[in-house]
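To start, the structure itself, in structure tokens.
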Amino acid sequence: MGIERNLADRKGKDFCELPKETITNNRSRRNRRRSSKKMPPVQKLFETCKEVFASSGTGIVPPTQDIDKLRSVLDGIKPEDVDLRPDMPYFMANASHRRPKITYLHIYECEKFSMGIFCLPPSGVIPLHNHPGMTVFSKLLFGTMHIKSYDWVVDLPPETPTSVKPSQSPELRLAKVKVDADFTAPCNPSILYPEDGGNLHCFTAVTACAVLDVLGPPYSDFDGRHCTYYTNYPFPNFSVEGLSIPEEEKNVYEWLQEKDQLEDLKVEGKMYSGPTIVEN
1 MGIERNLADR
11 KGKDFCELPK
21 ETITNNRSRR
31 NRRRSSKKMP
41 PVQKLFETCK
51 EVFASSGTGI
61 VPPTQDIDKL
71 RSVLDGIKPE
81 DVDLRPDMPY
91 FMANASHRRP
101 KITYLHIYEC
111 EKFSMGIFCL
121 PPSGVIPLHN
131 HPGMTVFSKL
141 LFGTMHIKSY
151 DWVVDLPPET
161 PTSVKPSQSP
171 ELRLAKVKVD
181 ADFTAPCNPS
191 ILYPEDGGNL
201 HCFTAVTACA
211 VLDVLGPPYS
221 DFDGRHCTYY
231 TNYPFPNFSV
241 EGLSIPEEEK
251 NVYEWLQEKD
261 QLEDLKVEGK
271 MYSGPTIVEN
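With the UniProt record's numbering as the guide, the letters of the sequence shown map in order to residues 1 to 280.
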């Protein structure tokens, strides 16, 4: 738009006497050049998120075709697209903490979705936490990470107890392990749904690694989407009358208990400094 305004402000005879078709052709060529310029990957991700999460809200999962579209865009993003390298200070272990400091690079957030990157040094841990009513996309940009994720157990027969209240302790709820494995980039993005896919998860950096996260909608205390952390216990640690799990399946069930405090977790927020997002 700035180009056309500058031309219109010119008072010279040469511009005024240009044939109409010449002006149109020049403008068409400029438009073609603009359209042929490749959109930066992070801008494409932003534009796709705007479409996919346009109607997002607590517990609302985007349509399958939108899920696939956003997954495809995320899958194509590389570390260099967001100006990250494994030798940057974010990924160096800090000996002053038992757990290395984690850096969160804030890219964008609105009421519909958020975009950001977690930078973890070796042995960095993002403790077990939930994503209430949220659909979450995670893309491992580089490195190796151990991911353990759970879903709350809701598919047992009616009247089967799935919680236990120890004396003087917070309630424990039964969860089923969905993933417990190492992942090395490049690998497929992971998707967590409000009730499925491993909505509760823990990240442990085997090597220095970076994770691009997209949340729709983002955390919001005002809207009841609180980030809650948990401690996990093996299933045999607690017995509940009326709850029976086959012996061969007991290793995929664990008890999760809310934590009031997190020890040694240090996350430093920084503004993202990669390619700029343009809001239209």
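Glycine residues also receive a C-beta, built at the ideal position from the N, C-alpha and C atoms.
Owing to the predicted nature of the structure, the values given are computational and were not obtained by experimental measurement.
* **Rounded C-alpha distance that separates G57 from C227** => Position 57 of the sequence shown, counted from the first residue, corresponds to residue 57. Position 227 of the sequence shown, counted from the first residue, corresponds to residue 227. Looking at the two C-alpha atoms, the distance is approximately 16 Å.
* Do three or more CB pairs link the region 118–128 to the region 99–106 at distances below 8 Å? -> Yes, they touch.
* Close beta carbons around P127, own chain, < 7 Å, minus the five adjacent residues each side -> The sequence position of residue 127 within the sequence shown is 127, counting from 1. Cβ contact annotation for P127 (same chain, cutoff 7 Å, sequence separation greater than five): C202, Y229, L262, L265, in chain order.
* Asked: At least one CB of chain B closer than 8 Å to the CB of K101: is that the case?
  -> In the structure shown, chain B cannot be found, because there is only a single protein chain.
* Looking at the unbroken beta strand (DSSP E) that takes in K176, where does it start and where does it end? -> In the sequence shown, the residue the question calls residue 176 occupies position 176. Its beta strand (DSSP E) spans residues 172–184.
* Candidates L215, V177, L74, of which the one nearest V153 by Cα -> For this step, residue 153 is matched to residue 153 along the sequence shown. Ranking the options by Cα distance to V153, first place goes to V177.
* Note down, in chain order, each residue of its chain lying with its Cβ closer than 6 Å to the Cβ of S114, except the 5 sequence neighbours on either side. => Within the sequence shown, residue 114 is the residue found at index 114, counting from 1. Once the five neighbours on either side are set aside, the close Cβ partners of S114 are L215, P218.
* Asked: Under three-state DSSP, which class holds D213?
  -> What you label residue 213 is simply residue 213 of the sequence shown in a count that begins at 1. Residue state, collapsed to three classes: strand.
* Classify L128 as helix, strand or coil using the three-state DSSP reduction. => Taking the first residue of the sequence shown as 1, we reach residue 128 at position 128. Assignment of L128 by DSSP, reduced to helix, strand and coil, places it in the strand class.
* Tell me which same chain residues have a C-beta within less than 8 Å of the C-beta of H129, skipping the five on either side of it? -> Within the sequence shown, numbered from 1, the residue matching residue 129 stands at position 129. If we look at H129 and ignore the five residues flanking it on each side, its Cβ neighbours are L200, H201, C202, C227, T228, Y229, Y230.
* Asked: If we count the other Cβ atoms within 10 Å of its Cβ and call it buried at 16 or more, is T135 buried or exposed?
  -> Translated into positions along the sequence shown, residue 135 becomes position 135. Buried is the call here.
* Classify T64 as helix, strand or coil using the three-state DSSP reduction. => What you label residue 64 is simply residue 64 of the sequence shown in a count that begins at 1. Note: T64 maps to helix in three-state DSSP.
* Express the C-alpha separation of W255 and P246 in angstroms, rounding to a whole number. => In the sequence shown, residue 246 corresponds to position 246, counting from 1. In the sequence shown, residue 255 corresponds to position 255, counting from 1. Between P246 and W255, the C-alpha separation is close to 16 Å.
* Any contact of the region 47–54 with the region 163–174, i.e. 3+ C-beta pairs under 8 Å? -> No, the region 47–54 does not touch the region 163–174.
* The alpha helix (DSSP H) enclosing E51, as first and last residue numbers -> As a working note, residue 51 is residue 51 in the sequence shown. First-last of the alpha helix (DSSP H) with E51: 41–52.
* Asked: Which stretch, first to last residue, makes up the beta strand (DSSP E) that contains P234?
  -> On the sequence shown, residue 234 is found 234 positions in, with the first residue counted as 1. Taken as a continuous stretch (DSSP letters only), the beta strand (DSSP E) holding P234 covers 230–234.
* Asked: Which first and last residues belong to the beta strand (DSSP E) in which Q257 is found?
  -> If you number the sequence shown from 1, residue 257 lands on position 257. Counting along the chain, the beta strand (DSSP E) containing Q257 begins and ends at 253–258.
* Through-space distance from E241 to P275, alpha-carbon basis -> In the sequence shown, residue 275 corresponds to position 275, counting from 1. In the sequence shown, residue 241 corresponds to position 241, counting from 1. Rounded to the nearest angstrom, the two C-alpha atoms are 57 Å apart.
* Asked: How close, in whole Å, do the beta carbons of L243 and T160 come, if the pair is a contact with beta carbons under 8 Å?
  -> Looking up residue 243 in the sequence shown gives position 243. Looking up residue 160 in the sequence shown gives position 160. The pair is a contact, with the Cβ atoms about 6 Å apart (cut-off 8 Å).
* Helix, strand or coil at V82 [DSSP, three-state] -> Residue mapping note: residue 82 aligns to position 82 of the sequence shown, counting from 1. V82: helix per DSSP, three-state reduction.
* To do: Identify the continuous beta strand (DSSP E) that holds D151 and give its terminal residues.
  => Against the sequence shown, residue 151 aligns to sequence position 151. Run containing D151: 144–152, per the beta strand (DSSP E) assignment.
* Asked: What are the boundary residues of the beta strand (DSSP E) that K112 is part of?
  -> Counting from 1 along the sequence shown, the entry for residue 112 is found at position 112. For K112, there is no enclosing beta strand (DSSP E), since its DSSP letter is neither H nor E.
* Backbone CA spacing between V267 and K101 [nearest angstrom] -> Taking the first residue of the sequence shown as 1, we reach residue 267 at position 267. Taking the first residue of the sequence shown as 1, we reach residue 101 at position 101. Taking the straight line from one Cα to the other gives about 6 Å.
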